[in-house]
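Here the structure comes first, spelled out in structure tokens, and everything after it is commentary.
Residue numbers (UniProt numbering): 1 to 245.
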């Protein structure tokens, strides 16, 4: 009877000791697992807004602004002066001024021609709108904008729907150039200015005196006129012309 009572009293103590040992081992394993994980940094692009108190009733967000993270999405309200901005290229450079971005350094002949086009007067006043949208407005619907975030360059690529039109224009512009080249290669312009000989012909030597003889034969001969003959008077002294004895 005493043995059974002693067993019943000691059993809860044994169970409590085992449970405490198990919880201690679990806590140790959890702490070890957390020490093996790399440190996690705060992702500034995916987090809840954080604020700080400024004054008694004012809370100010300490999160970076959207325009600071993505400068091309900043809101602008710009009026381009006519003294500084005349072409489409000037408009691009004026919009990208102090934005940290620039136009791509390498572009095709079609985009180069666009940059030299005059800027429409209606596009001198732009905004309020985002900078990326303003750049697309100046470029026009024929161009698709792409951004190189590594080098912070803004590029424009011709859309597929306008490529055929650009090729047709290039072919029509080549025809006048070929015609002009044919005109410049006429025999009159390729004649040697010193010898007067056409290309492929051999200059004939000129013998001294031959040119003078040919020139002498072509000269006009003087017209001979009869001089007046003095009449003789009968029984008188003969009259001599121009000589006195």
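All C-beta atoms, glycine included, are put in the ideal place defined by N, C-alpha and C.
Presumed contact (8 Å Cβ cut-off) between residue i and residue j, rounded CB distance
i           : j           : result
residue 138 : residue 97  : Between residue 97 and residue 138 the Cβ distance is about 13 Å, and since that is not below 8 Å, they are no contact.
residue 71  : residue 101 : 7 Å
residue 62  : residue 126 : Rounded, the Cβ-Cβ distance is 32 Å, inconsistent with contact.
residue 119 : residue 85  : 6 Å
residue 73  : residue 65  : About 10 Å separates the two Cβ atoms, so there is no contact after all.
CA-to-CA distance, residue j to residue i, given in whole angstroms
i           : j           : result
residue 163 : residue 55  : 60 Å
residue 134 : residue 143 : 13 Å
residue 81  : residue 121 : 10 Å
residue 75  : residue 29  : 53 Å
residue 124 : residue 141 : 18 Å
residue 167 : residue 45  : 44 Å
residue 165 : residue 113 : 14 Å
residue 83  : residue 117 : 16 Å
residue 270 : residue 57  : Past the edges of the chain, shown from 1 to 245, lies residue 270, and the structure says nothing about it.
residue 145 : residue 105 : 15 Å
residue 150 : residue 69  : 14 Å
residue 110 : residue 161 : 14 Å
residue 185 : residue 99  : The pLDDT assigned to residue 185 is 47, lower than 50, so where the model puts this residue is not dependable; a value taken from the coordinates is nonetheless given after this. So the alpha carbons of these two residues sit roughly 52 Å apart.
residue 156 : residue 53  : 45 Å
residue 108 : residue 90  : 18 Å
residue 152 : residue 26  : 52 Å
residue 136 : residue 43  : 31 Å
With 16 other Cβ atoms within 10 Å as the buried cut-off, status of residue i
i           : result
residue 51  : exposed
residue 95  : buried
residue 60  : exposed
residue 131 : buried
residue 88  : buried
residue 154 : buried
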